[in-house]
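Asks: The opening position of the sequence shown corresponds to residue 4 in our numbering, with each subsequent residue numbered one higher.
By construction, the Cβ of each residue, glycine as well, lies at the ideal position given by its N, Cα and C atoms.
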Amino acid sequence: MSTKFWEILLVGNDAFVHDILKEKLGDAVIFHKKLKVLHAHNAEEARKIIQDNKDIAVAFIDINIEKLSGGLQLINYIRGQISTTMRIVIIDSVDSAVPTDKILEHYDINDYRSRACIESQKFFLTVRAAIKQYQQFKDIQDKKDEIYTKMTTNEVTKLPNRLKLSENLSSTGKKSLILINIDDFSVINNHNGFDFGDKVLRAFSRFLLEKYTQDAQVFHLDADVFAMLYTQGDTLSTEQRITKVKDDIYNHLFSINGIKIHLTASIGVVLDDYGNIIQKAEFALKEARLYGKNNLKKYSDDLTILRTIHSNSLWTGRIRDALSEHRILTYFQPIKNLKTDKIEKYESLVRIEYEGEIYSPYHFLDAARYSGQLFEIFKIILEEACRKIQTSSYNFTVNISDYDLKHPQFMAVVKKNIEKYSISPERLTFEILENNSIAKHKEIQKTLNILHDLGCKLAIDDFGAECSNFGQLNNLKIDFIKIDGVFIKNIVADKNSQITAKTILDYAHQKNIPVIAEFVCSLEVYNYVKKMGIDYAQGYEISEPKPELS
Numbered sequence: 004m005s006t007k008f009w010e011i012l013l014v015g016n017d018a019f020v021h022d023i024l025k026e027k028l029g030d031a032v033i034f035h036k037k038l039k040v041l042h043a044h045n046a047e048e049a050r051k052i053i054q055d056n057k058d059i060a061v062a063f064i065d066i067n068i069e070k071l072s073g074g075l076q077l078i079n080y081i082r083g084q085i086s087t088t089m090r091i092v093i094i095d096s097v098d099s100a101v102p103t104d105k106i107l108e109h110y111d112i113n114d115y116r117s118r119a120c121i122e123s124q125k126f127f128l129t130v131r132a133a134i135k136q137y138q139q140f141k142d143i144q145d146k147k148d149e150i151y152t153k154m155t156t157n158e159v160t161k162l163p164n165r166l167k168l169s170e171n172l173s174s175t176g177k178k179s180l181i182l183i184n185i186d187d188f189s190v191i192n193n194h195n196g197f198d199f200g201d202k203v204l205r206a207f208s209r210f211l212l213e214k215y216t217q218d219a220q221v222f223h224l225d226a227d228v229f230a231m232l233y234t235q236g237d238t239l240s241t242e243q244r245i246t247k248v249k250d251d252i253y254n255h256l257f258s259i260n261g262i263k264i265h266l267t268a269s270i271g272v273v274l275d276d277y278g279n280i281i282q283k284a285e286f287a288l289k290e291a292r293l294y295g296k297n298n299l300k301k302y303s304d305d306l307t308i309l310r311t312i313h314s315n316s317l318w319t320g321r322i323r324d325a326l327s328e329h330r331i332l333t334y335f336q337p338i339k340n341l342k343t344d345k346i347e348k349y350e351s352l353v354r355i356e357y358e359g360e361i362y363s364p365y366h367f368l369d370a371a372r373y374s375g376q377l378f379e380i381f382k383i384i385l386e387e388a389c390r391k392i393q394t395s396s397y398n399f400t401v402n403i404s405d406y407d408l409k410h411p412q413f414m415a416v417v418k419k420n421i422e423k424y425s426i427s428p429e430r431l432t433f434e435i436l437e438n439n440s441i442a443k444h445k446e447i448q449k450t451l452n453i454l455h456d457l458g459c460k461l462a463i464d465d466f467g468a469e470c471s472n473f474g475q476l477n478n479l480k481i482d483f484i485k486i487d488g489v490f491i492k493n494i495v496a497d498k499n500s501q502i503t504a505k506t507i508l509d510y511a512h513q514k515n516i517p518v519i520a521e522f523v524c525s526l527e528v529y530n531y532v533k534k535m536g537i538d539y540a541q542g543y544e545i546s547e548p549k550p551e552l553s
């Protein structure tokens with residue numbers, strides 16, 4: 004809005020009316036600003052003036068310019084394509100073919116004045132009131148624009164955000180979308196501070212803008228996730244440009260506060276598609292991250308992540324039904340002492356019966372975790388193990404995940420079952436599943452140490468794979484280590500498996516921790532691990548898991 008004058012437009016072919024406005028408004032000052040009168044003698048002139056002058060406060064339009072009701076057509080044009088804030092006042096210089104009440108009812112105008120009013124002293128008040136309305140509407144619109152801009156802009160990089168991307172995707176037609184997730188950005192924040200991290204984000208946004216805005220719109224969706232939207236161009240050329248992005252990021256040297264850093268990114272891509280393409284790109288991004296850092300994955304209907312989601316959705320309902328219908332079963336697999344060749348304990352393993360078939364955790368464990376039903380399963384297996392301890396001479400082990408250990412009722416459930424079945428806690432061993440490392444979870448470590456102080460034994464399951472590390476043995480009171488089965492089942496022929504198993508065995512024995520070999524699947528493997536000096540063995544060579552003790 005101009006700070007010097009208000010723009011007033013007069014549209015009409017009556018020269019007398021134009022002269023009146025010049026005379027009455029030429030030297031007028033309203034709300035500390037002069038008036039600038041723009042003159043149009045027909046609709047075509049009016050449209051050009053409106054297009055060239057974006058801050059017209061008030062338009063006085065002769066209803067009968069060029070033809071009867073020609074002014075009404077101009078009003079529809081202004082309201083439909085130009086402005087809803089401009090105040091429009093109809094001037095009826097001759098008898099209108101359209102009754103006044105019909106005009107007020109069907110056209111978006113703000114006032115209706117006769118030629119006699121234009122000539123009277125009251126006309127100045129009409130102009131002043133219209134300008135006041137315009138100013139108020141303009142202030143409201145500016146505030147709305149300010150709020151909208153804030154809502155659709157990322158605060159750190161000033162790039163359009165997820166909401167703006169969703170708006171841009173609402174238009175028809177196929178589009179291509181790329182999601183870019185900076186690898187290990189949390190490490191940057193943790194090591195250098197959040198201010199430095201914000202500077203990295205701004206530098207990364209500048210890189211994307213300088214490199215790709217000729218073809219794509221750039222967005223900043225979340226903390227370390229950016230997006231680029233391609234709305235035109237052939238699919239092949241778009242795909243070629245997109246697949247080059249990963250290498251462009253990898254090869255670029257970013258300079259932050261004089262510090263030179265390289266970044267890598269995981270990238271999810273949707274090509275020439277429509278309908279929920281943000282979600283599709285997120286699926287592709289998750290798939291890319293499954294394979295580690297600096298990977299790119301294009302969306303397709305057979306992504307592993309989609310199959311996992313489908314399986315989780317399927318099994319979530321099955322688990323819920325199995326819980327309510329008591330079809331969560333406990334199977335037991337013996338663990339043999341290789342020094343005495345006797346069964347000393349059993350591992351308690353969960354199974355689900357569904358439509359007459361028995362399913363192992365491989366099919367449903369992720370779904371149970373995903374749906375929040377994992378702890379309910381744990382409670383069933385724990386109680387069955389305690390019941391077996393009460394009625395047999397064997398010790399029993401129960402698997403626990405970080406999810407179980409974080410549950411607020413975990414210790415209460417353990418103590419309740421020990422008391423209910425009057426069992427000695429040292430006959431109960433908890434195997435810590437290593438699908439998520441517990442090395443840095445102080446609260447989990449605290450819970451495990453409380454569990455051990457209660458008298459229960461602790462074992463680390465699947466040691467040597469994925470998140471396992473020897474530091475766990477220094478932070479926890481561990482009673483047993485299970486070497487991951489991947490190193491046992493091929494140990495006779497695989498040199499690397501032999502080295503890994505021997506390293507774990509030697510380290511554990513130096514700390515006086517017995518070692519269990521799982522996946523002992525043949526007599527040859529059994530004899531090999533026994534000769535190595537491994538303390539216990541578990542696997543199909545001894546017995547498969549069964550619903551009753553062997």
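Quick one, are the C-beta atoms of residue 434 and residue 402 less than 7 angstroms apart?
Replies: yes
Asks: What span of residues does the beta strand (DSSP E) with residue 350 cover, start to end?
Replies: 345 to 357
Asks: Three-state secondary structure (DSSP) at residue 444?
Replies: coil
Asks: Comparing alpha-carbon positions, which option in 135, 538, 216 and 226 lies nearest residue 187?
Replies: 226
Asks: In three-state DSSP terms, what is residue 320?
Replies: helix
Asks: Taking 7 angstroms as the CB-CB cut-off, is residue 11 touching chain C?
Replies: Protein chains in the displayed structure number just one, and chain C is not present.
Asks: Using the C-alpha atoms, what's the distance from residue 138 back to residue 145?
Replies: 10 angstroms
Asks: Rounded to the nearest angstrom, what separates residue 537 and residue 548 at their Cα positions?
Replies: 21 angstroms
Asks: Judging by CA-CA distance, which residue of 338, 294 and 359 is the nearest neighbour of residue 321?
Replies: 359
Asks: For residue 94 and residue 121, which I take to be in contact (beta-carbon distance under 8 angstroms), what is that distance rounded to the nearest angstrom?
Replies: 6 angstroms
Asks: Are there 16 or more other CB atoms within 10 angstroms of the CB of residue 465, so buried, or fewer, so exposed?
Replies: By the neighbour-count rule (16 or more Cβ atoms within 10 Å), residue 465 is buried.
Asks: Return helix, strand or coil for residue 265, following the three-state DSSP convention.
Replies: strand
Asks: For residue 231, list the residues DSSP reports as bridge partners.
Replies: 181 and 221
Asks: Return the bridge partner residues of residue 90 from the DSSP annotation.
Replies: In the DSSP assignment, the residues bridged to residue 90 are 61.
Asks: Return yes when at least one heavy atom of the ligand SAM lies under 6 angstroms from the C-beta of residue 135, else no.
Replies: For the ligand SAM, the structure offers nothing, since it holds no ligand at all.
Asks: Can you tell me where the alpha helix (DSSP H) with residue 47 in it begins and where it stops?
Replies: Its alpha helix (DSSP H) spans residues 46 to 55.
Asks: Mind checking which residues open and close the beta strand (DSSP E) that includes residue 14?
Replies: Residues 8 to 14.
Asks: Less than 7 angstroms separating the beta-carbons of residue 557 and residue 36?
Replies: With the chain covering 4 to 553 only, the question about residue 557 has no answer from this structure.
Asks: Using the Cβ count rule (16 or more neighbours within 10 Å means buried), how would you classify residue 193?
Replies: exposed
Asks: Let me confirm a value: residue 391 is counted as buried when at least 16 other C-beta atoms fall within 10 Å, else exposed. Which label applies?
Replies: Label assigned to residue 391: buried.
Asks: Take residue 415 as the anchor and find which of 444, 378, 397 and 436 has the nearest alpha-carbon.
Replies: 378
Asks: Could you tell me which of 254, 251 and 264 sits nearest to residue 195, measuring between CA atoms?
Replies: 264
Asks: Taking contact to mean 3 or more Cβ pairs, one atom from each stretch, closer than 8 angstroms, check whether the segment 276 to 284 and the segment 176 to 185 are in contact.
Replies: Using a Cβ-Cβ distance cut-off of 8 angstroms, the segment 276 to 284 and the segment 176 to 185 are in contact, since at least three pairs of beta carbons, one from each stretch, lie closer than that value.
Asks: Measuring straight from C-alpha to C-alpha, what distance separates residue 63 and residue 147?
Replies: 27 angstroms
Asks: Can you tell me the Cα-Cα spacing of residue 324 and residue 530, whole angstroms?
Replies: 43 angstroms
Asks: Could you tell me the boundaries of the alpha helix (DSSP H) in which residue 111 lies?
Replies: Element bounds for residue 111: n/a, residue is neither H nor E.
Asks: Kindly indicate which residue of 219, 259, 256 and 230 has the alpha-carbon position closest to the one of residue 241.
Replies: Checked all of 219, 259, 256 and 230; the closest Cα to residue 241 is 219.
Asks: Would you mind reading off the limits of the alpha helix (DSSP H) that contains residue 481?
Replies: Taken as a continuous stretch (DSSP letters only), residue 481 belongs to no alpha helix (DSSP H), as it is neither H nor E.
Asks: In its own chain, which residues sit with a C-beta less than 6 angstroms from the C-beta of residue 74, not counting the 5 before and 5 after it?
Replies: 64, 65, 66 and 68
Asks: Throw me the rounded Cβ distance for the residue 516 and residue 484 pair, which I believe falls under 8 angstroms.
Replies: Confirmed, about 6 angstroms.
Asks: Kindly indicate which three-state DSSP category residue 159 falls into: helix, strand or coil?
Replies: Residue 159: coil per DSSP, three-state reduction.
Asks: Please report the distance separating the alpha-carbon of residue 534 from that of residue 546.
Replies: 20 angstroms
Asks: Quick check: the segment 201 to 218 against the segment 151 to 165, are at least 3 beta-carbon pairs closer than 8 angstroms?
Replies: yes
Asks: Between which residues of its own chain and residue 25 is the CB-CB distance below 8 angstroms, once the five residues before and five after are set aside?
Replies: 40
Asks: What are the complete alpha helix (DSSP H) segments, minimum 4 residues, inside the segment 267 to 302?
Replies: Given a length threshold of 4 residues, each whole run of the alpha helix (DSSP H) inside the segment 267 to 302 is given here in chain order: 280 to 293.
Asks: Since residue 59 and residue 172 are thought to touch, with beta carbons under 8 angstroms apart, how far apart are those beta carbons, to the nearest angstrom?
Replies: 34 angstroms between Cβ atoms; not a contact.
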